[in-house]
Every structure is written in C-alpha cells, then in structure tokens.
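To keep things clear, I will list the structure first and then write my remarks on it.
Structure follows, in structure tokens:
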C-alpha cells in the first residue's frame, strides 16, 4: 500500500450513524446508477416538441493516424432522468445552476407503493402513507432525499406502459402514479425535505391537471428528480444519494446523473 | 433530532484515513462545485461546428393559473466542463454511458504547475513533476483522480486568454498548458490512475498536434475531465471528487458535474 493511501488521503466513507464506530471506506461501498441512458428511445412528455438527438461529428481514423470520435446532441430539459429546478413551476424559484449542490446530496428514504399501484395506476401517495412509513422507520429529518418507488421503471422506455397512453401530442389521457398534494405538503412544509424523486415521468400523477405537487415543491425550492431507474435495489433507509445535474445557466431543469451509495452488507 | 436520524440513517462521512477515528458527517463537509455553467459564453474547440444553445419553450403564466418554465438545448459533447470518454480517442474504448461510475468517484490529488506556467504558457507536465509531488505527498495510489492546476480557469470564458488565440475555426495557434506524454505514461501505465483532470480546455497542451495524452489515457480506459473550475480551492491531497456525467448512450463524452468534498477545517 502506498504511503499516500495510508497516511494522507481522505476517502469518502459510510457509517451507520455519525457516531458509529463501524465506518467503512467508499471503496467498499456499492455505487448504484439510478439514471436511464439518453438515446433515441428516451421518453419526453407527449407534448414535447422534440426528442433526444445525437449527431455524429466524427468517428474514425484521422489524417494524423489516430482514431477520433465526437458528437453533438440536443434535448429538451425535461425528459429521461432529469432534474426539475424550482423555477420550472415557480417564477422566482432557483434555476438549475443556482441550486446548492449540498441540497442534492444526502440520506435517502425509499417509500414503496408498488402494492397500491398494482390496484390503481393513478395512485397518489398520501400523507397517511408517509406517517405509516415513519411509524416503521422513524420521522423524516429535514434535508431528506425522498424517493417514491412505484415500480414503473420496469416499463421504461415503453411509452404506452410507462405513461399509460401513447397518443401523440396528447397529455390528457396519461395514467401513472406519483405523489399526491397532501403528501407533498407534509414532506415539503412540515418535514422540510430537500428533494422529491420518483421512478415515473412526473412528481404529479399522470391525471393531474394542476400540477399541485410541482407547485408545492417549487414554492419552497425543493428539487424534483423524475424518471429514476431501479429503486428496487435500495433499502427503505440507509442509502445516500448524490444527484448532480448539468449546470444549465437559467435552466428550468435538465439531465441529471443520480447515484445511490450503499454500505457493504 | 428525529428517531430516524439517530438510529437508522447512513450518512456519507469523511475521514482522514479509513482507519482514522476522526470521522465526520458529510453534512459537515464542504461541497465545492468544479464545473463552469453552460451558457452562451461556454467555450468549445475553435473548430467546433456549434456552441451551447438554450431555447425557451415556455416561460410565464399558463391558462391554468400557474407559472411554468421549460427549455430545450443543444451542445457539442466536448465543451464547457466535460467528460472525455475513452472512445473519444480509442476505437474500442468505453463510451460515456459505459464508464463505471466508481471510476469517477474517489480521492483526488491536485498537482500545481502555476509557477511553471507563469514562465511558459505551453508548459507540459512532466514525469519529474509527478515524482517531485510524490516526494512531498506520497506515491499515487491506483484509482486516484489526478487534477492538474494551471490556474487557467481564471481566464474562462475569455477565449483569447484561455486558448491563447481566438482565430475563428483555427486550432493551430493555441497556447495553453496541460499534461505531457511522459507524465501521462507514468500516471496511466505505472500508477494506474482513474482520471486525468485539468483546468484548461484539453488534457493535451494547446500546441499538441498528435494528442498523445488523450491517446495514452484512452487506451487504458482512463477518463478525462476538461475545463474544470477553481482548483485553487482544493488541497494537494485530502479532497474526494465525484464526477457524474450525462449518460449519453454511445457518447464520446459530454457535460459533467464535478464536485470536491472537503472535510471541515
């Protein structure tokens, strides 16, 4: 082992609690990628004027005798695994580049509503669901990153299954689960959580017409994370999340790479 | 303090070493943003066919009585603070979406060549510079994220000062510092580092014509981080870095948000 590694370095480590003696090195932690890739199948809102486009600028041997590949791309901000910055639904809310990154880094809880969703694809998380979760796992602390697991990432990128409808340019017949307004009010205004994340296309349900959850979150500069992937790999509590968005100046959101860090078993 | 926070959560913490008793909670750590914003001033290679473009799709009150803002954007992969995936210069190298994120998370070292650069804007880091750094700070461990500090981020986004030339569509007269081939060979082939990062536009110097550093790194699936910002805020050793790129399927690189985590003083 190198001198540097033994004596000077400062690796990220995880512990069961700040006061725990069982600290572990990040090198031992499992890194889970919660982001879908951006490609021609990336899902955008039905009314989106465009999709993800990748254009090849170069791909092959150069005159200099070496290989070179380079592309350009275009995308609406709100598609694929992406951030909702508060300004998306609040005129004076923070833009994507203004969000304090510390808000997007921290302990995560995963609230699982797959049973409710199996009976009702329009299921909206309730305040009662949250108090039931807290009865089992403890009261949510301020700054928590809340992840809602509906199981819908298994449908991605099948538009009809994921959105509940695939009529082009029509967002009136969407059916998918997400947060409900009373749950959002409890999480944002009472628990002061930092982020609302979900494995569907929106932090409001597909049938929402007034986007109350977005508005409740945006009003308090709470960020949204939409189209998350594979939340079934996370425990209800114990994971930490790091969500780092593209730094689009003035952006209302944009592509975000989201990871969960799990301690070794 | 909530029950959850006391008994169950698993926050990320930092320690001076994995065996240190002085572990600290991430909530106490300083999060430094090492990324420039994407905007109309974002710098691309002089021969780039396009720049960053943000198009407003909506911004204002809706018929529903609430505010709504949304944009789309276009960008070449290689501009602003961005990732170089190995396929950028290696035909069979990993693409942006294929990189193991664990490679982009870890302890960082910052090698400071500002003194050399003050005398020579074409300065290329040498193997001797690295062995001198190691004499002071210990041998670099495998998996290290190497950050080269030239001081050039202070010039960004002034194209003439940052690239050393602002002739449109001409990359032949660029003058800025970066890694040299013998340094890259030592770092990649002997030390097995994970990432080469720099606060200039390229991991090769501006006058490079054969991009040897890119090719040495790409051949071993070492990732590049270019146009980093504000490395003067980091210590030579002791920071951890998390670099999360946009997950562009088949991408040769792309926008990346890079943070450094510092323990409290």
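Protein chains in written order, with our numbering: chain A, 1 to 265; chain B, 1 to 265.
Glycine residues also receive a C-beta, built at the ideal position from the N, C-alpha and C atoms.
According to DSSP, is residue i part of a helix, a strand, or is it coil?
i, result
"residue 59/A", "strand"
"residue 252/A", "coil"
"residue 257/A", "strand"
"residue 104/A", "helix"
"residue 84/A", "strand"
"residue 72/A", "strand"
"residue 98/A", "coil"
"residue 116/B", "helix"
"residue 67/A", "strand"
"residue 31/B", "strand"
"residue 204/B", "strand"
"residue 41/A", "coil"
"residue 188/B", "helix"
"residue 48/B", "coil"
"residue 135/B", "helix"
"residue 193/B", "coil"
"residue 352/A", "With chain A covering 1 to 265 only, the question about residue 352/A has no answer from this structure."
Are the CB atoms of residue j and residue i within a distance shorter than 8 angstroms?
i, j, result
"residue 244/A", "residue 157/A", "no"
"residue 55/B", "residue 39/B", "no"
"residue 223/A", "residue 86/A", "yes"
"residue 172/B", "residue 204/B", "no"
"residue 146/B", "residue 187/B", "yes"
"residue 235/B", "residue 29/B", "no"
"residue 258/A", "residue 34/A", "yes"
"residue 196/A", "residue 217/A", "yes"
Assign residue i to buried or exposed, taking buried as 16 or more other Cβ atoms, counted over all protein chains shown, within 10 Å of its Cβ.
i, result
"residue 255/A", "buried"
"residue 226/B", "buried"
"residue 77/B", "buried"
"residue 272/B", "There is no way to answer for residue 272/B, as the model of chain B reaches only from 1 to 265."
"residue 96/B", "buried"
"residue 194/A", "buried"
"residue 247/B", "buried"
"residue 64/B", "exposed"
"residue 229/A", "buried"
"residue 118/B", "exposed"
"residue 189/B", "exposed"
"residue 131/A", "exposed"
"residue 21/A", "Low local confidence applies: a pLDDT of 26 at residue 21/A is under 50, so the model's placement there is unreliable, and no value is given."
Excluding five sequence neighbours on each side, which residues of the same chain lie with their C-beta closer than 6 angstroms to the C-beta of residue i?
i, result
"residue 174/B", "163, 164, 165 and 206"
"residue 105/B", "242"
"residue 140/A", "191"
"residue 136/A", "none"
"residue 249/B", "97"
"residue 52/A", "38, 42 and 75"
"residue 231/B", "110, 147, 149 and 199"
"residue 133/B", "111"
By Cβ distance, which residues of its chain are closer than 7 angstroms to residue i, with the 5 residues on each side in sequence left out?
i, result
"residue 126/A", "180, 182 and 183"
"residue 61/B", "67"
"residue 116/B", "123"
"residue 59/A", "69"
"residue 221/B", "86, 93 and 94"
"residue 129/B", "111, 113 and 183"
"residue 239/A", "108, 260, 261 and 262"
"residue 253/A", "77, 78, 82, 83, 84, 85, 88 and 96"
Apart from the five residues just before and just after residue i, which ones in its own chain have a Cβ nearer than 8 angstroms to its Cβ?
i, result
"residue 170/B", "46 and 47"
"residue 114/A", "149, 150 and 151"
"residue 214/A", "84, 88, 89, 202, 203, 204 and 224"
"residue 210/B", "none"
"residue 167/B", "46 and 173"
"residue 120/A", "177"
For residue i, which of the options has the nearest alpha-carbon?
i, options, result
"residue 260/A", "213/A, 90/A, 102/A and 109/A", "109/A"
"residue 112/A", "90/A, 37/A, 132/A and 148/A", "148/A"
"residue 73/A", "191/A, 92/A, 237/A and 50/A", "50/A"
"residue 91/A", "167/B, 69/B and 99/B", "69/B"
"residue 143/B", "129/B, 102/B and 153/B", "102/B"
"residue 161/A", "122/A, 134/A, 131/A and 135/A", "122/A"
"residue 198/A", "80/A, 133/A, 93/A and 262/A", "80/A"
"residue 251/B", "32/A, 34/A and 57/A", "57/A"
"residue 100/B", "154/A, 31/A and 262/A", "31/A"
"residue 208/B", "233/B, 232/B and 176/B", "176/B"
"residue 82/B", "98/B, 41/B and 37/B", "37/B"
"residue 233/A", "168/A, 159/A, 134/A and 154/A", "154/A"
"residue 200/B", "53/B, 262/B, 159/B and 138/B", "159/B"
Are there any heavy atoms of the ligand FMN lying less than 7 angstroms away from the beta-carbon of residue i, as far as the coordinates show?
i, result
"residue 29/A", "For the structure depicted, the ligand FMN is absent and the ligand set is empty, with no information on it obtainable."
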